[in-house]
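Right, one structure below, let's go through it.
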Amino acid sequence: MRSLVFSNKDFQFIEEKYSDLYNILLPKILHENGKLFYPMYSNQDYDYVFDIFGDYIGDSLDSKGELSSDGLKLERIWDYADGAEEWH
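If you read the sequence shown in my numbering, its first letter stands for residue 16, the second for the next number, and so on.
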């Protein structure tokens with residue numbers, strides 16, 4: 016199973032805006048070639064992190080059901096992390 020991939024800038028944003036999420040991810044983060052990797056060893060690992068990101072993105076909805084700018088950025092970070100290997 017592949018890893019999630021984060022840029023340093025994206026991970027810093029998570030630290031600043033979503034500190035609880037940052038603290039969940041940090042213990043497993045590996046640094047390599049200027050990128051941060053969150054290793055996945057099973058579908059359960061993936062589902063766990065997917066659900067957590069989904070919860071934080073969902074919590075970023077305003078009263079009209081639209082994502083805040085931080086929520087949109089977190090969604091973009093997830094999309095990159097989950098598909099980064101396909102984009103590069």
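Where is the CB? At the ideal position from N, CA and C, for every residue including glycine.
Remember, predicted model here, so these are calculated numbers, not experimental data.
Count the other C-beta atoms from every protein chain shown that fall within 10 angstroms of the C-beta of Asp25, then say buried if there are 16 or more, exposed otherwise.
buried
Going by Cα to Cα distance, which pick from Tyr56, Leu51 and Gly49 is closest to Arg104?
This structure cannot speak to residue 104, because the chain is shown only from 16 to 103.
How big is the Cα-Cα spacing for Lys88 and Asp66?
17 Å
Thinking C-alpha only, which one of Ser75, Asp94, Asn58 and Leu19 is nearest Lys43?
Leu19
Leu36 to Asp70 span [Cα, whole Å]:
10 Å
Unbroken alpha helix (DSSP H) runs of length 4 or more, entirely within the stretch 17-86: which are they?
23-32, 34-40 and 58-73
Roughly how many angstroms lie between the CA atoms of Leu41 and Phe52, to the nearest whole one?
10 Å
Is it right to say Gly49 is buried, meaning 16 or more other beta carbons lie within 10 angstroms of its own, or is it exposed?
exposed
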